[in-house]
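Reviewing the structure listed below.
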Amino acid sequence: MLTRRGFSAITFGHVIVSAREPTPAIWRHELRHLAQYERIGLAFLPLYLWLHFRRGYARHPLERDAAEAPRLFP
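Under my numbering, the sequence shown has 853 at position 68, and the numbering climbs by one with no breaks.
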């Protein structure tokens, strides 16, 4: 189901769900989302969805931040 939607993994709070064994880069990306959740709290999901519908995936600030994680922590 995840791969049909274009995701290889997704984070819900403290739970990371993956369609298959995640690569180290995907782990770092998803752990960055977990850190965002820790910082933002329960507002994370509504904020994430609002930004997703307003800006799309490519311009999503939380996704851009998470995309930096594999480069920052090789």
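In this text, a Cβ means the ideal position worked out from N, Cα and C, and glycines have one as well.
The structure displayed is predicted, hence computed values, not measured ones.
Spatial distance of residue i from residue j (CA atoms)
i, j, result
"R840", "A820", "21 angstroms"
"R813", "G826", "19 angstroms"
"R817", "V800", "12 angstroms"
"A854", "A810", "8 angstroms"
"A843", "F829", "18 angstroms"
"P846", "A804", "24 angstroms"
"V802", "S793", "9 angstroms"
"T796", "E806", "14 angstroms"
As assigned by DSSP and simplified to three states, the class of residue i
i, result
"A794", "strand"
Own chain, CB closer than 6 angstroms to residue i, minus 5 neighbours either side, in chain order
i, result
"G798", "Y822"
"A851", "H814, R817, H818"
Where residue i falls, given that 16 or more other Cβ within 10 Å makes a residue buried
i, result
"E848", "buried"
"T808", "exposed"
Beta-carbon proximity list for residue i, same chain, < 7 angstroms, skipping 5 on both sides
i, result
"L832", "I825"
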